[in-house]
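Asks: Take this structure first; my questions come after.
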Amino acid sequence: MSESPALPTDGLRGDYTRMAADWTVAQDPATYDAEQQDIWRTLLRRQSGLAQQHGCPEFLAGLAQLDIDARIPDFARVSETLQRRTGWRVVGVPGLIPDDAFYSHLANRRFPVTVWIRRRDELDYLVEPDLFHDFFGHVPLLADPVFADYMQAYGQRGVEAGPANVHRLARLYWYTVEFGLIRSAGGLKVFGAGIISSATETQYAIGSSVPARIPFDARRVMRTAYEIDKLQRTYFVLDDFRQLFAATQVDFPSLYAALEQQPEIATGTVLPHERPIVATTLPQAA
Ligand SMILES: [Fe+2]
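In our numbering, the protein residues as written are 371 to 656.
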């Protein structure tokens with residue numbers, strides 16, 4: 371998703387000249403060359419290993435169910451499996467798309483995935499999300515029924531939000547879908563795509579003593595600013611995915627009005643009543 375309602379495509383990396391009115395483009399899996407397939411394989415091997423250790427069980431189940439392998443995925447084939455499980459499909463896009471198009475896709479159970487993959491000199495970091503981030507990071511959890519329902523409901527709230535409130539929803543997405551942590555029987559685990567598609571951030575999010583890990587509270591999240599292009603200074607920790615879905619089932623106009631009366635919270639802040647979660651002392655879930 372973009373950080374602003376209007377999206378100038380000048381300077382973006384993808385080819386926006388041949389897209390449909392809903393910002394989608396066809397993906398032709400045959401067009402990826404040997405170098406691109408090797409970049410996919412390298413990233414997949416590295417991140418799958420870290421995900422086995424630090425990914426939440428729902429992410430790992432999705433990874434297995436979608437049969438993601440050594441070749442760049444065929445979006446149409448994966449969509450057939452996903453559709454049977456949770457009603458979601460994967461659609462190709464040239465890269466970042468405007469908020470209104472993004473929310474509309476989610477509300478209709480379509481997840482936009484960038485069709486191009488990063489270069490070899492960008493294995494560790496790139497500015498715009500690419501196919502590896504979008505697919506490996508986001509698609510496996512769409513096979514989980516509760517998370518799948520959350521994403522659709524989130525998109526619907528986005529369609530309804532209007533420009534004055536869209537930044538609140540962007541924060542909810544950022545701190546959950548991109549950078550969320552969750553408790554599980556095995557301890558603190560990762561589910562956010564921005565973490566799980568990055569080797570550096572996976573290890574930092576779970577193991578570093580620097581960031582504040584705050585128990586998830588949707589109102590708190592929507593008051594909290596975030597920084598792009600940096601390791602996060604705040605993570606929010608879910609008890610389970612039902613908490614996320616429940617956060618979308620409130621009266622949003624009243625919520626937005628209430629939030630306007632409350633001060634913003636800088637990233638990295640721990641409020642006096644909050645008890646940050648330390649990974650090594652995390653109680654085991656029942
Ligand atoms: Fe993402």
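Ideal Cβ positions, reconstructed from N, Cα and C, are used throughout, including at glycine. Only a predicted model underlies this, so the values are computations on that prediction, with no experimental measurement involved.
1) CA-CA distance, I552 and T451?
2) Y473 and R541 look like a contact to me (Cβ under 8 Å); what is the Cβ gap, rounded to whole Å?
3) Going by DSSP in three states, Y605 sits in which element: helix, strand or coil?
4) State the DSSP-derived secondary structure class of I576, mapped to helix, strand or coil.
5) Please confirm whether any heavy atom of ligand 1 lies closer than 7 Å to the CB of E548.
6) Is H475 a contact residue of ligand 1, with contact defined as CB to any heavy atom under 7 Å?
7) When the Cα atoms are used, what is the spatial distance from G564 to I598?
8) Among residues of its own chain, excluding the 5 on either side of T639, which ones have a beta-carbon nearer than 6 Å to its beta-carbon?
9) Measure from the C-beta of T637 to each C-beta in chain B and report whether the shortest distance is under 8 Å.
10) Please find out if some non-hydrogen atom of ligand 1 comes closer than 7 Å to the beta-carbon of A563.
11) Report the start-end ranges of each alpha helix (DSSP H) in the segment 493 to 517 that is 4 residues or longer and not cut off at the edges.
12) Just to confirm, is the Cβ distance from I442 to Q406 under 8 Å?
13) Please state whether DSSP places F445 in a helix, a strand or coil.
Replies: Answer, in terms of the structure:
1) 26 Å
2) At roughly 15 Å, the Cβ-Cβ gap does not stay under 8 Å, so Y473 and R541 are not in contact.
3) strand
4) helix
5) yes
6) no
7) 11 Å
8) none
9) Of the chains in the structure shown, none is chain B; there is only one protein chain.
10) yes
11) none
12) yes
13) helix
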